[in-house]
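Trainee: Start counting the sequence shown at 48; every next residue gets the next number (my numbering).
Don't be surprised by glycine CBs; every beta carbon is placed ideally from N, CA and C.
If you're wondering where the values come from, they're calculated on a predicted model, not measured in any experiment.
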Amino acid sequence: MHRAWFVAVVTFVTIIGAAAFASLPGLLIDPLHQEFEWSRGTIGFAVSVNLALYGLTAPFAAALMDRFGIRRVVAVALTVIAAGSVLTVWMTAAWQLVLYWGILVGLGSGSMALAFAATVTNRWFVARRGLVTGILTAAGASGQLVFLPLLSWLVEHHGWRPAAVTVALAALAVVPFVWLLLRDHPADVGLPAYGATEFVPKPAPVTGAARRAVSVLLSAARTGPFWLLAGTFAICGASTNGLVKTHFVPAAHDHGMPITAAASLLAVIGVFDVVGTVASGWFTDRFEARRLLAVYYALRGISLLFLPMLLAPSVHPPMLFFIVFYGLDWVATVPPTIALCREHYGEDSAIVFGWVLASHQVGAAVIAFAGGLARDVFGSYDMVWYASGALCAAAALMALIIRRPPAPKALGVLA
Numbered sequence: 048m049h050r051a052w053f054v055a056v057v058t059f060v061t062i063i064g065a066a067a068f069a070s071l072p073g074l075l076i077d078p079l080h081q082e083f084e085w086s087r088g089t090i091g092f093a094v095s096v097n098l099a100l101y102g103l104t105a106p107f108a109a110a111l112m113d114r115f116g117i118r119r120v121v122a123v124a125l126t127v128i129a130a131g132s133v134l135t136v137w138m139t140a141a142w143q144l145v146l147y148w149g150i151l152v153g154l155g156s157g158s159m160a161l162a163f164a165a166t167v168t169n170r171w172f173v174a175r176r177g178l179v180t181g182i183l184t185a186a187g188a189s190g191q192l193v194f195l196p197l198l199s200w201l202v203e204h205h206g207w208r209p210a211a212v213t214v215a216l217a218a219l220a221v222v223p224f225v226w227l228l229l230r231d232h233p234a235d236v237g238l239p240a241y242g243a244t245e246f247v248p249k250p251a252p253v254t255g256a257a258r259r260a261v262s263v264l265l266s267a268a269r270t271g272p273f274w275l276l277a278g279t280f281a282i283c284g285a286s287t288n289g290l291v292k293t294h295f296v297p298a299a300h301d302h303g304m305p306i307t308a309a310a311s312l313l314a315v316i317g318v319f320d321v322v323g324t325v326a327s328g329w330f331t332d333r334f335e336a337r338r339l340l341a342v343y344y345a346l347r348g349i350s351l352l353f354l355p356m357l358l359a360p361s362v363h364p365p366m367l368f369f370i371v372f373y374g375l376d377w378v379a380t381v382p383p384t385i386a387l388c389r390e391h392y393g394e395d396s397a398i399v400f401g402w403v404l405a406s407h408q409v410g411a412a413v414i415a416f417a418g419g420l421a422r423d424v425f426g427s428y429d430m431v432w433y434a435s436g437a438l439c440a441a442a443a444l445m446a447l448i449i450r451r452p453p454a455p456k457a458l459g460v461l462a
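(1) Which residues in the same chain have their Cβ closer than 6 Å to the Cβ of Ile-526, if we skip the five residues on either side of it in sequence?
(2) Have a look at Ser-311 and Phe-68 and give me their C-alpha separation to the nearest angstrom.
(3) Going along the chain, which residues of its own chain have a beta-carbon closer than 7 Å to the beta-carbon of Pro-239, five neighbours each way excluded?
(4) Under the rule that 16 or more other beta-carbon atoms within 10 Å means buried, what is Phe-400, buried or exposed?
(5) What residue from Ala-66, Leu-228 and Phe-425 has the CA that sits closest to Phe-194's CA?
(6) Express the C-alpha separation of Gln-143 and Met-159 in angstroms, rounding to a whole number.
(7) Just to confirm, is the Cβ distance from Ile-398 to Ala-110 under 7 Å?
(8) Taking all protein chains shown into account, do 16 or more other C-beta atoms lie within 10 angstroms of the C-beta of Trp-148, making it buried, or fewer, making it exposed?
(9) Between Ala-130 and Leu-151, which are expected to be in contact by the criterion C-beta below 8 Å, what is the C-beta distance as a whole number of angstroms?
(10) Look at Val-202 and Ala-211 and say whether their C-beta atoms are less than 7 Å apart.
(11) Expressed to the nearest angstrom, what Euclidean distance is found between the alpha-carbon atoms of Gly-177 and Val-381?
(12) Look up Tyr-241 in the DSSP assignment and give the residues it is bridged to.
(13) Measure how close the beta-carbons of Trp-207 and Leu-79 come, nearest whole angstrom, since I'm counting them as under 8 Å.
(14) State buried or exposed for Phe-425, treating a residue as buried only when at least 16 other CB atoms are found within 10 Å of its CB.
(15) Using 8 Å as the Cβ pair cut-off and three pairs as the minimum, do the segment 89-107 and the segment 217-230 touch?
(16) Within 10 Å of its beta-carbon, does Ile-448 have 16 or more other beta-carbons around it, so buried, or fewer, so exposed?
(17) In the structure shown, what three-state DSSP assignment does Phe-372 receive?
(18) Of the residues Phe-416, Ala-443 and Arg-269, which one's Cα is nearest the Cα of Ser-86?
(19) Is the number of C-beta pairs between the segment 349-356 and the segment 327-338 that are closer than 8 Å three or more?
(20) Is it the case that the Cβ atoms of Ala-446 and Thr-279 are separated by a distance below 7 Å?
(21) Please list the terminal residues of the continuous alpha helix (DSSP H) segment that includes Leu-404.
(22) Can you find the residues in the same chain that come closer than 6 Å, C-beta to C-beta, to Ala-55, ignoring five residues on each side of it along the sequence?
(23) Could you round the C-beta distance between Val-409 and Ala-257 to whole angstroms and report it? I think they count as a contact, below 8 Å.
(24) Rounded to a whole number of angstroms, what is the C-alpha to C-alpha distance between Ser-262 and Gly-419?
(25) What's the gap between the Cα of Gly-348 and the Cα of Val-371?
(26) Just confirm the distance between the C-beta atoms of Val-315 and Gly-271, as a whole number of angstroms; I'd bet it's less than 8 Å.
(27) Which residues in the same chain have their Cβ closer than 7 Å to the Cβ of Tyr-101, if we skip the five residues on either side of it in sequence?
(28) Check whether the Cβ atoms of Ser-132 and Val-214 sit closer than 7 Å, and answer yes or no.
(29) Label His-294 either buried or exposed according to how many other C-beta atoms from any shown protein chain fall within 10 Å of its C-beta, with 16 as the threshold for buried.
(30) Helix, strand or coil, according to DSSP, for Arg-118 in the structure here?
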């Protein structure tokens with residue numbers, strides 16, 4: 048077995064271990080509202096800061112990985128996540144939630160974002176990139192599957208603080224695993240990348256990480272595909288992390304469903320997300336990425352329009368069908384989006400995807416806040432479900448008009 052597959056396994060397990068922090072926000076809304084009497088809009092704002100920083104940090108993290116190596120960046124990020132999560136145990140004011148969970152966990156998680164998976168894939172694989180991208184993207188969903196039932200049980204039976212401590216411990220537990228087993232580049236072990244015909248020496252560290260990230264953004268921003276990819280991915284984030292991951296549990300609880308049951312449904316989404324994302328990676332190696340994106344967004348929009356009619360005190364077959372259907376589509380958009388970034392932007396594709404991911408998280412942040420605000424104002428989440436369905440239809444149209452890529456070329460100015 049080529050060493051690249053071992054690195055992919057290490058990356059997969061690392062992302063699973065770090066996924067606990069992504070499982071918790073939707074479980075905190077009701078407990079924090081009841082204990083501190085903070086509005087759902089206020090709590091949603093802290094989550095939106097987390098999501099926005101998650102995305103805005105990603106392109107700089109990709110550049111930092113080029114400068115300092117994957118292992119160092121990921122190890123520091125996991126430590127910051129653990130610190131932010133455990134500090135929430137002692138918070139007494141809403142601004143502390145914004146600082147600890149919004150800023151610290153947001154910055155740490157941004158460095159553990161999908162740019163991490165894209166960087167590993169670009170360095171270690173020439174063949175099977177779509178498949179590997181799908182597998183590593185699915186790792187986050189696998190982590191959700193592992194942690195959501197446990198965290199929801201802790202929140203319901205012991206309160207939210209033990210759940211926050213569990214997140215911190217999970218992040219810390221991964222640090223030695225990353226440091227001892229992950230390698231930055233195939234040249235570190237004297238091998239070519241998987242599927243490559245020639246050995247490529249490890250490039251020298253790239254200085255000026257922030258300047259490079261900004262220069263790549265400025266160059267990419269002069270091209271139409273960048274804005275279309277950023278726009279579609281913003282809607283992707285709005286309709287997944289911002290809406291369903293953050294507000295599905297409290298929305299289901301509004302209809303009388305127990306928190307553990309609603310969290311278990313999200314975990315089931317994680318099961319089918321693994322299947323859907325890996326399948327999407329396989330499809331991306333064989334079919335045109337633009338058309339795949341259009342299909343994924345159209346199907347997601349249709350499913351969201353039906354969700355308000357399916358929420359009920361108990362789990363019933365139509366709701367299970369929605370969960371399976373939505374799970375298959377959850378982040379199936381990632382492999383074709385990364386493929387389009389790679390085709391259009393060549394060696395700078397990981398950083399470009401980092402900026403596209405930033406738009407994903409900004410979209411998620413807007414809906415995380417707007418969803419909580421809508422619940423405070425209208426007493427229901429229905430308006431947000433319908434609006435997100437309409438946005439997905441727009442994303443399907445945007446995907447179709449992305450032009451075919453020219454020959455790959457580098458955009459960044461290396462310092």
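Mentor: According to the structure data:
(1) Nothing can be reported for residue 526: it is not among the residues displayed for the chain, which extend from 48 to 462.
(2) Counted from its first residue, the sequence shown places residue 311 at position 264. Counted from its first residue, the sequence shown places residue 68 at position 21. Cα-Cα distance, rounded: 17 Å.
(3) Your numbering for residue 239 matches position 192 in the sequence shown. Closer than 7 Å at Cβ, skipping near neighbours: Pro-233, Glu-245, Phe-246 and Val-247.
(4) The sequence position of residue 400 within the sequence shown is 353, counting from 1. Flag for Phe-400 reads buried.
(5) As a working mapping, residue 194 is identified with position 147 in the sequence shown. Nearest C-alpha to Phe-194: Ala-66.
(6) Counted from its first residue, the sequence shown places residue 159 at position 112. Counted from its first residue, the sequence shown places residue 143 at position 96. Roughly 23 Å separates the two Cα atoms.
(7) Stepping through the sequence shown from its first residue, residue 398 is reached at position 351. Stepping through the sequence shown from its first residue, residue 110 is reached at position 63. Yes, the pair counts as a contact, with Cβ atoms nearer than the cut-off.
(8) Here the question's residue 148 lines up with position 101 in the sequence shown. Buried: at least 16 other Cβ atoms inside 10 Å.
(9) Taking the sequence shown and counting its residues from 1, the one referred to as residue 130 is at position 83. Taking the sequence shown and counting its residues from 1, the one referred to as residue 151 is at position 104. With 8 Å as the limit, Ala-130 and Leu-151 qualify as a contact, their Cβ atoms being about 6 Å apart.
(10) For the purposes of this step, residue 202 is taken as residue 155 along the sequence shown, with counting starting at 1. For the purposes of this step, residue 211 is taken as residue 164 along the sequence shown, with counting starting at 1. The answer is no: Cβ separation not under 7 Å.
(11) The residue labelled residue 177 in the question sits at position 130 within the sequence shown. The residue labelled residue 381 in the question sits at position 334 within the sequence shown. Answer to the nearest angstrom: the Cα atoms are 10 Å apart.
(12) Within the sequence shown, the letter at position 194 stands for residue 241. The partner list for Tyr-241 (beta bridge, DSSP) reads Phe-172.
(13) Position 160 of the sequence shown, counted from the first residue, corresponds to residue 207. Position 32 of the sequence shown, counted from the first residue, corresponds to residue 79. With a Cβ gap of about 7 Å, Trp-207 and Leu-79 count as contacting.
(14) By 1-based counting over the sequence shown, the position of residue 425 is 378. Answer is exposed; the Cβ neighbour count stays below 16.
(15) no
(16) Here residue 448 corresponds to residue number 401 of the sequence shown, with the count starting at 1. Result: exposed.
(17) The count along the sequence shown starts at 1 and reaches residue 372 at position 325. If DSSP states are grouped into helix, strand and coil, Phe-372 belongs with the helices.
(18) For the purposes of this step, residue 86 is taken as residue 39 along the sequence shown, with counting starting at 1. The shortest Cα separation from Ser-86 among Phe-416, Ala-443 and Arg-269 belongs to Phe-416.
(19) no
(20) Locating residue 446 in the sequence shown gives position 399, counting from the first residue. Locating residue 279 in the sequence shown gives position 232, counting from the first residue. In this structure, Thr-279 lies closer than 7 Å to Ala-446 by Cβ.
(21) Walking along the sequence shown from the start, residue 404 turns up at place 357. It spans 396-425 - the alpha helix (DSSP H) in which Leu-404 sits, taken as one unbroken run.
(22) Translated into the one-based positions of the sequence shown, residue 55 becomes position 8. Hits under 6 Å: Val-179.
(23) Taking the sequence shown and counting its residues from 1, one reaches residue 409 at position 362. Taking the sequence shown and counting its residues from 1, one reaches residue 257 at position 210. About 19 Å; that fails the 8 Å criterion.
(24) The sequence position of residue 262 within the sequence shown is 215, counting from 1. The sequence position of residue 419 within the sequence shown is 372, counting from 1. Distance between the alpha carbons of Ser-262 and Gly-419: 36 Å.
(25) The residue labelled residue 348 in the question sits at position 301 within the sequence shown. The residue labelled residue 371 in the question sits at position 324 within the sequence shown. Rounded to the nearest angstrom, the two C-alpha atoms are 15 Å apart.
(26) Within the sequence shown, residue 315 is the residue found at index 268, counting from 1. Within the sequence shown, residue 271 is the residue found at index 224, counting from 1. Their Cβ separation, rounded to whole angstroms, is 38 Å, which puts Val-315 and Gly-271 out of contact at 8 Å.
(27) Residue 101 sits at position 54 when you count from the first residue of the sequence shown. The answer, listed in chain order, is Gly-153, Ser-156, Gly-157, Ala-160 and Gln-408.
(28) On the sequence shown, position 85 is the one that residue 132 refers to. On the sequence shown, position 167 is the one that residue 214 refers to. Yes, Cβ-Cβ distance for Ser-132 and Val-214 is below 7 Å.
(29) Residue mapping note: residue 294 aligns to position 247 of the sequence shown, counting from 1. Classification of His-294: buried, given that the 10 Å Cβ count is 16 or more.
(30) For the purposes of this step, residue 118 is taken as the residue at position 71 of the sequence shown. Arg-118: helix per DSSP, three-state reduction.
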